[in-house]
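Trainee:
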Amino acid sequence: MTPNADIKKLQRNYIPDSFAISDWGALKPFFEELVSRDILSKDALENWLKDVSEMQALISEDACWRQIRMTCDTENKELEEAFHFFCLEIEPNIKPYTDALNKKLIASPFRKELDQNIYYTFLRGVENEIKLFTEKNIPIHAEIAILAQHYGTITGKMSVDIQGKEYTLQQAARFLMQSNRELRKEVYIKMSERRQMDEKALNTLFDELLAKRHQIAINAGFENYRDYKFEELGRFDYTVKDCEDFHDSIKKYITPIVENIYEHKRKQIGLPELMPYDIDAEPEGQKPLEPFNNGEELLEKSIQAFSNLRPYFGDCLRKMSSLHHFDLESRKGKAPGGYNCPLAETGAPFIFMNAAGTADDVVTMMHEGGHALHSFLSHDLALSAFKEYPMEMAELASMSMELFSMDQWPVFYQSENELKRAKAEELERALSIFPWIATIDKFQHWMYTNPSHTQEERTAAWMKIYSEFAPKNISWTGLEKTSPFCGKNNCIYLKFPFTISSMESPN
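For the sequence shown, our numbering gives the first residue as 1009, with consecutive numbering after it.
1) What first and last residue would you give for the alpha helix (DSSP H) that runs through A1052?
2) Identify the residues that DSSP records as bridge partners of T1176: which are they?
3) Skipping 5 residues on each side, what residues in its chain have a beta carbon closer than 7 Å to that of E1433?
4) On the three-state DSSP scale, how would you describe D1286?
5) Grouping DSSP H, G and I as helix and E and B as strand, with all else coil, what is A1356?
6) Tell me, which residues are paired with E1337 by DSSP?
7) For S1167 and V1195, I'd like the C-alpha separation in whole angstroms.
8) Measure the C-alpha to C-alpha separation of I1102 and H1387 and round it to an integer number of angstroms.
9) Checking 9 Å against the spacing of the C-beta atoms, do N1301 and G1365 come in under that value?
10) For I1482, which three-state DSSP category applies?
11) Is the beta carbon of H1382 sitting closer than 9 Å to the one on I1359?
12) Could you compute how far the alpha carbon of C1494 sits from the alpha carbon of E1267?
13) Within this structure, are the beta carbons of A1013 and D1323 separated by less than 9 Å?
14) Just how far apart, CA to CA, sit F1244 and D1250?
15) How is N1101 classed by DSSP in three states: helix, strand or coil?
16) For a quick check, are the C-beta atoms of F1038 and M1063 less than 9 Å apart?
17) Go through its chain and collect everything with a Cβ distance to S1519's Cβ below 7 Å, but skip five positions before and after it.
18) Return the first residue and the last residue of the alpha helix (DSSP H) that Y1347 is part of.
19) Where does the unbroken alpha helix (DSSP H) through C1095 begin, and where does it stop?
20) Taking just the CA atoms, how far does G1341 sit from R1119?
21) Restricting to Cα atoms, I'd like to know which of C1080, F1027 and L1122 is closest to W1056.
22) Quick one: any contact between the stretch 1084-1094 and the stretch 1126-1134, if contact means 3 or more CB pairs under 8 Å?
23) When burial is assigned at 16 or more other CB atoms within 10 Å of the CB, is S1257 buried or exposed?
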């Protein structure tokens, strides 16, 4: 049966259609009823689960919209306050009731009558939530949510002046693709200097987050945040040792391949040595790929590419467009990065990114589009909890879509030569990202298992770990203050913001 992209908002059967979250007092009666309700049969248990799911979808979508609006405009204090209100006044009150509902489910004698083929993974997750919950962590989680949001506020203000015009850092990165080497160097240094202006603020921010994350782990009975986070993320299928083996494999097999890619790049652009601002450069006389001019064109061409791959895929993006569920172009005051945000009630997700007209933006759109299709295809599952999947599965959908879509990229590139260049860059990126992922992952293992480290020790650890995976044929001569190997002048958190927002892979 062909899925329907004309996705419908979930019908409410328990909560009035007109209900919207204003404060905790409005939500509390629903939670109290769910906790106190008598469940006298398997059918009653499943109906109760559906009502709990309806409540979860309502709350999730409200929280997501607050996050979306705030990241789209980090300078809007009203949007920031709305997000803070949810984090500080609503969510902390929800968590004890969520724990009570989890315990009510696991204690029900009718739980064993549920079809394990359907409910096993869900129930395993519920038991894990019960294991990790402690009321001592509720206010700390709220504080962490507020602190993590500050990263977007700080970095959203970053811009540089190039040739008399102001650019966000995402927009400025386009100049690093130009064949003019002096211009590339100038832009690279300006971007680095702008980042370093906020080094102290971001180091302080991360110190605060690190301390709070460690306290969460201690409160939950763990020795460190790394071990706690493995449990929280539901990593039942692999261990820390598997991660360490992954690191070793990347170092042994992939980093040498990336060095070969960079050596080919050096010869292609005819330089005696490759500097960090040369990595994305085009050879003399060759213009950077320009697959689109603005966000509107990016969306239009993406819909066409998805439609060519499968009509249903294009219909999904059209539905999102009709709901205005895209914010694609980079601008000052917008948080960095990109994401697909599932919307549990509406069904059609929201895609956020910082497009600047590059080939990388096309890949990002394909990537987030893969996440979006995952959201569409899971919308009709019976419970909201069934639609939650670990990041490993989420990235399978998104990164696969990058590759599946490649044969449809002629909509972005008018010549066969441009198309081949774009495909080659994507395949190189698919390989070259692995040493970066391994670097970040190993560094996070070190940080969270050594929580009392100083900023200097953290920088030294970063330098050591980076050197293990980084290609050896990139020269930093004369750029020591911008180098990943430098000391106090290096703001490593600007190189991987995901260590501030969460412990996860950079995808």
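Don't be surprised by glycine CBs; every beta carbon is placed ideally from N, CA and C. These figures come from a predicted structure and were not determined experimentally.
Mentor: Reading it off the structure:
1) K1050 to C1080
2) S1167
3) A1367
4) helix
5) coil
6) A1363
7) 11 Å
8) 24 Å
9) yes
10) Residue state, collapsed to three classes: strand.
11) no
12) Low per-residue confidence applies at C1494: pLDDT is 40, beneath 50, and the placement is therefore not dependable enough to give any value.
13) Taking 9 Å as the Cβ cut-off, A1013 and D1323 qualify as a contacting pair.
14) Spanning the two alpha carbons is a distance of roughly 12 Å.
15) helix
16) yes
17) The first residue shown for the chain is 1009 and the last is 1515, placing residue 1519 beyond what the model contains.
18) Not the alpha helix (DSSP H): Y1347 falls in the beta strand (DSSP E), residues Y1347 to C1349.
19) No alpha helix (DSSP H) holds C1095; DSSP gives it neither H nor E.
20) 49 Å
21) L1122
22) no
23) exposed
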